[in-house]
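Read through the structure below, which is laid out as structure tokens, and then see the notes.
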Amino acid sequence: MRRVTLFSFQLVVVAVLTSFASGRATSLVVDSGGGSTTVAPVHDGYVLQKAVATSPIGGEFLTDCLMKSLESKGLTTVDLDFPNTTESYKLYCQRVIASDIKECVCRAPDTPYDDSSYSNIPMTSYELPDGQ
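Numbered by mature numbering (1 follows the signal peptide of the UniProt record, and there is no 0), the letters in the sequence shown go through residues -25 to -1, 1 to 107 in order.
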């Protein structure tokens, strides 16, 4: 049996480490993941727990919105005849493609939304895995 000598052990909140990684002891950390988004204020290396806000909207929600938007525009995937393929696997493949489109093409605005300023955004092309 091996023995390990542990000199120190520390549990740290991710928001604090993110703040320190940015070179700041005081910051507002936004952590947006697949299932949720969390905003945590950090003051002098401590998270202000009462001010932490969490939203159930994350990357998976945005992927769902993109898939619905593509379907509403009449864009669907072509079912290739693969034997022994379940519906859940087909949905998984569609989500992988939609997630890749989201990551490569979609963007968040830097300013509040205004129809006139976003009408001049150039189109971005995306090549599907089958080359189309």
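C-beta: ideal position from N, C-alpha, C; glycine also. Keep in mind it's a predicted model, so treat the numbers as computed, not measured.
Residue environment, residue i, which counts as buried when at least 16 other CB atoms sit within 10 Å
i, result
"Val5", "exposed"
"Ala73", "buried"
"Ser(-7)", "buried"
"Met(-25)", "exposed"
"Thr(-21)", "exposed"
"Ala15", "buried"
"Ala83", "exposed"
"Ala(-11)", "buried"
In DSSP terms, what residue i is bridged to
i, result
"Pro16", "Leu3"
"Ser30", "Thr12"
Backbone secondary structure at residue i - three-state DSSP
i, result
"Tyr21", "strand"
"Arg(-23)", "coil"
"Ala83", "coil"
"Tyr67", "helix"
"Ser47", "helix"
"Leu103", "coil"
"Asp89", "coil"
"Met98", "coil"
"Thr38", "helix"
"Thr60", "coil"
Cβ shell of residue i (< 6 Å), same chain only, five flanking positions each side left out
i, result
"His18", "Thr1"
"Val(-13)", "Val22"
Beta-carbon contacts of residue i that lie in its chain and below 7 Å, excluding the five residues immediately before and after
i, result
"Lys77", "Leu37, Thr38 and Leu41"
"His101", "As written in the sequence, residue 101 is Tyr, which differs from the His given in the question. Around Tyr101: Ile76, Cys79 and Val80."
Cβ separation of residue i and residue j, assumed to be a contact under 8 Å, to the nearest whole Å
i, j, result
"Thr12", "Val27", "With a Cβ gap of about 11 Å, Thr12 and Val27 do not count as contacting."
Own chain, CB closer than 8 Å to residue i, minus 5 neighbours either side, in chain order
i, result
"Cys81", "Leu37 and Leu41"
"Gly9", "Gly33, Gly34 and Glu35"
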